[in-house]
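Undergrad:
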Amino acid sequence: MQRVFVKLAVLTVAGFGLAAMPLRADNRATPKGPDEDGTKPALTRIAGEGMMNSHAFGFLTELSDDIGGRVTGTPAERKAEEWGAAKMKSIGLENVHTEKYTIWRGWTRGTAEGEVLAPVRHRLHVDAMGWTGSTPAGGAEGDLVTVNMFDIENEIKHVSRVKGKIVLVTTKGKPSKDEMSLFAMFGDFLKAAGSAGAIAVIGGQGGGRSTGMNLTHTGILGFNADFAVPVVSMSAEDQGQLERFIERGVTPRVRFNVQNTFTNGPVETANVVGEIRGREHPEEILVVGGHLDSWDLSEGTTDNGSGAAATLGAAEAIVHSGQRPRRTIRFVLFTGEEEGLDGSFAYMKQHQAEMKNHLGNLVIDGGQGPAKSFHLGGRDDLVPAFRAFADMLLNLGITEVDDRVESGTDTLPFSIVGLPGIDMGQDSPDYKYTHHSAADALEAQKPDVLAQNATLMALTAYWIADRPERFASPWPAERTARMLRAQHEYEELKAFGLWPYGELGEEKKENPQN
Ligand SMILES: [Zn+2]
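With numbering that gives the first Met the number 0 applied, the sequence shown corresponds to residues 0 to 513, in that order.
1. Confirm, please, whether the CB-CB distance from ASN452 to PHE413 is below 7 Å.
2. Give me whichever residues DSSP pairs with HIS121 in a beta bridge.
3. Measure the C-alpha to C-alpha separation of LEU441 and PRO281 and round it to an integer number of angstroms.
4. Using three-state DSSP, classify THR268 as helix, strand or coil.
5. Roughly how many angstroms lie between the CA atoms of ALA494 and THR210, to the nearest whole one?
6. I want to check one thing, is the minimum distance from the CB of ASN394 to the heavy atoms of ligand 2 below 6 Å?
7. Should ASP364 be listed as close to ligand 1, given that the test is whether its C-beta is under 6 Å from any heavy atom?
8. Considering Cα atoms alone, identify which of ASP142, GLY138, TRP130, LEU181 is closest to ASN153.
9. Suppose you measure from the CA of GLY230 to the CA of ARG44; what does that come to, to the nearest Å?
10. For ASN147, write down the residues that DSSP places opposite it in a beta bridge.
11. Provide the residue(s) that pair with GLU140 in DSSP beta bridges, ordered along the chain.
12. Please work out which residues of its chain come closer than 6 Å, Cβ to Cβ, to ARG484, disregarding the five sequence neighbours upstream and downstream, and give them in chain order.
13. Quick one: is the Cβ of ASP302 within less than 6 Å of any heavy atom of ligand 1?
14. How close, in whole Å, do the beta carbons of GLY501 and GLN425 come, if the pair is a contact with beta carbons under 8 Å?
15. Please report the Cβ distance between THR514 and GLY207, rounded to the nearest whole angstrom; I am assuming they are in contact, meaning their Cβ atoms lie under 8 Å.
16. Cβ of GLY339 within 7 Å of Cβ of PHE333?
17. Among the residues of its own chain, which have a CB less than 6 Å from the CB of HIS319, if the five just before and after it don't count?
18. Does GLY289 come out as helix, strand or coil in the three-state DSSP assignment?
19. Would you check if the distance between the CB atom of GLY407 and the CB atom of PRO369 is smaller than 7 Å?
20. Helix, strand or coil: how does DSSP classify MET423 here?
21. Which residues does DSSP list as the beta-bridge partners of TYR489?
22. Hey, ILE317 and GLY376 are a contact pair by Cβ (cut 8 Å); roughly how many whole angstroms apart?
23. Near PRO499, what residues of its chain come up, given a Cβ to Cβ distance below 7 Å and the 5 sequence neighbours on each side ignored?
24. Taking 6 Å as the limit between beta carbons, can you name the residues of its chain near GLY67, skipping five residues before and five after?
25. Spell out a yes or no on whether the stretch 99-110 and the stretch 57-76 are touching, meaning 3 or more CB-CB pairs, one atom from each, closer than 8 Å.
26. Which residue's Cα is closest to the Cα of GLU491: GLY138, MET184, PHE56?
27. Helix, strand or coil: which one does DSSP assign to TYR432?
28. State buried or exposed for ASN26, treating a residue as buried only when at least 16 other CB atoms are found within 10 Å of its CB.
29. With the cut-off set at 7 Å, would you say LEU167 and VAL228 are in Cβ contact?
30. Near GLU236, which residues of its chain fall below 7 Å by C-beta distance, leaving aside the five closest residues on each side in sequence?
31. Determine the DSSP secondary structure at HIS350, reduced to helix, strand or coil.
32. Classify GLN238: buried if its beta carbon has 16 or more other beta carbons within 10 angstroms, exposed otherwise.
33. Verify whether the separation of the beta carbon atoms of LEU92 and ALA308 is less than 7 Å.
34. If distances are taken between C-alpha atoms only, which option among THR145, THR29, LYS431, ILE90 comes closest to SER53?
35. Candidates ALA438, PRO446, HIS374, ALA389: which alpha carbon is nearest PRO419's?
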């Protein structure tokens with residue numbers, strides 16, 4: 000999902016203060032890797048299937064070219080669900096089905112046109128942000144007025160000054176609050192600006208500039224957040240010129256015509272599910288997946304067609320190898336990820352009763368590059384055991400294992416319940432251009448890299464599901480709450496109303512019972 004605050008260069012969090020732990024660095028405990036735990040022969044066959052017979056790039060080509068952009072709840076996304084279920088069946092997965100749920104409301108992109116009328120006149124390159132509204136039919140013009148993202152609380156107080164204007168969001172000085180609070184308040188500002196009568200807001204990048212040459216990047220502006228005022232992402236070149244006029248004291252006059260459509264009520268969508276049933280403990284489940292939905296400025300290849308195709312490729316490699324793991328591997332193509340991880344949150348709700356039997360989930364959603372690392376979603380207790388497995392993957396490019404929580408994709412709901420939401424970290428330097436942009440097409444994905452990622456996913460899934468000892472069980476609430484706070488997830492979850500643990504895990508209070 001990679002929400003807009005990630006784009007605030009000044010605010011970007013570079014990490015969580017956890018030192019990356021290199022492989023082989025820790026020899027205290029010697030957990031068993033594939034050479035000792037009996038999984039190696041099966042893994043070798045799966046690797047052979049994955050590298051020699053993969054159809055992952057064929058899957059991605061179909062999804063990109065024949066279905067294309069697939070916004071959750073739209074006909075294209077429904078077509079992708081049918082396609083995903085058909086693929087799972089043809090691969091030979093068992094129990095293939097869809098699991099329906101609804102999102103709060105649907106949205107369809109229409110047109111977005113912009114023009115600067117004075118002091119010069121030319122077209123502006125803009126695209127609407129998801130789940131934002133429309134100008135009056137035929138468009139409207141107004142003077143540009145700037146608001147400072149870093150002082151957004153104050154801007155809300157003086158919001159009446161944006162009436163009849165087009166708002167340009169900028170960043171000046173130092174942030175008045177932490178990034179999560181600012182981003183949550185940005186939503187409050189957009190609501191207030193809409194009510195105050197602003198024509199449109201140039202603020203898709205939260206005051207930052209759009210990355211890449213003449214590219215815009217769409218996206219959602221919160222978890223399940225919609226706004227009546229149209230909010231656009233503008234190319235860096237156009238935005239830069241407007242900012243320079245303002246700095247010189249020249250007020251540009253701008254015209255926008257933005258038309259989008261909301262549904263009146265909730266819309267239906269569905270996760271697509273298929274399994275390889277376990278041979279000894281079929282009731283114990285590892286979830287493996289990526290997200291099937293995408294944005295719509297292009298084909299949704301790198302976000303996250305590549306992940307969906309890697310998931311199907313991983314399933315194919317295991318099924319075709321003829322190996323059946325001890326426990327069940329449940330492949331899930333999530334929808335609703337881009338709107339706020341809705342598919343994975345819906346999964347947690349629908350499978351609450353069997354959550355104690357889950358081992359965690361394994362997700363790939365980092366674009367087009369090769370997988371290089373595994374982030375174990377808060378579970379530091381699992382790092383040594385996992386490292387014993389990952390040691391075997393050095394030839395396949397894996398160099399790092401840590402316990403970082405990845406909150407920008409479908410791993411987060413699993414980490415929230417104390418299960419390892421395992422994220423495959425990828426080296427994708429071009430993702431900043433293809434992410435949510437018009438450049439997110441098949442051209443961006445190299446077939447050999449995709450096949451290797453699918454193979455790595457298959458090996459990891461199989462090893463977790465098949466090793467003699469159960470890999471993980473959910474942590475108790477208190478331990479989970481403490482971990483989430485230590486990994487700085489509390490601020491975001493709290494700001495967006497997703498924190499489930501109240502005061503649990505708070506540092507400052509000494510608990511007399513302990
Ligand atoms: Zn994604």
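All residues carry an ideal CB built from backbone N, CA and C; glycine is no exception.
TA: In this structure, then:
1. It is not a contact, given that the beta carbons lie outside the stated cut-off.
2. Secondary-structure assignment with DSSP links HIS121 through a beta bridge to VAL115.
3. 37 Å
4. strand
5. 26 Å
6. Ligand 2 is not part of this structure, which contains only ligand 1.
7. Result yes, Cβ under 6 Å from ligand 1.
8. LEU181
9. According to the sequence as given, residue 230 is Val; it is not Gly. If you take the alpha carbons of VAL230 and ARG44, they lie about 51 Å apart.
10. THR169
11. ARG254
12. Correct list, in chain order: GLY504.
13. yes
14. So it is not a contact: roughly 35 Å between Cβ atoms.
15. Residue 514 lies beyond the residue range present for the chain, which begins at 0 and ends at 513; the question has no answer from this structure.
16. no
17. GLU48
18. strand
19. No, Cβ-Cβ distance for GLY407 and PRO369 is not below 7 Å.
20. strand
21. Answer is none; TYR489 lacks a bridge partner.
22. About 22 Å separates the beta carbons of ILE317 and GLY376, which is beyond the 8 Å limit, so they are not a contact pair.
23. ILE415
24. GLU298, listed in sequence order.
25. yes
26. MET184
27. TYR432 falls in the helix class under three-state DSSP.
28. Low local confidence applies: a pLDDT of 49 at ASN26 is under 50, so the model's placement there is unreliable, and no value is given.
29. no
30. ASN213
31. coil
32. buried
33. no
34. ILE90
35. HIS374
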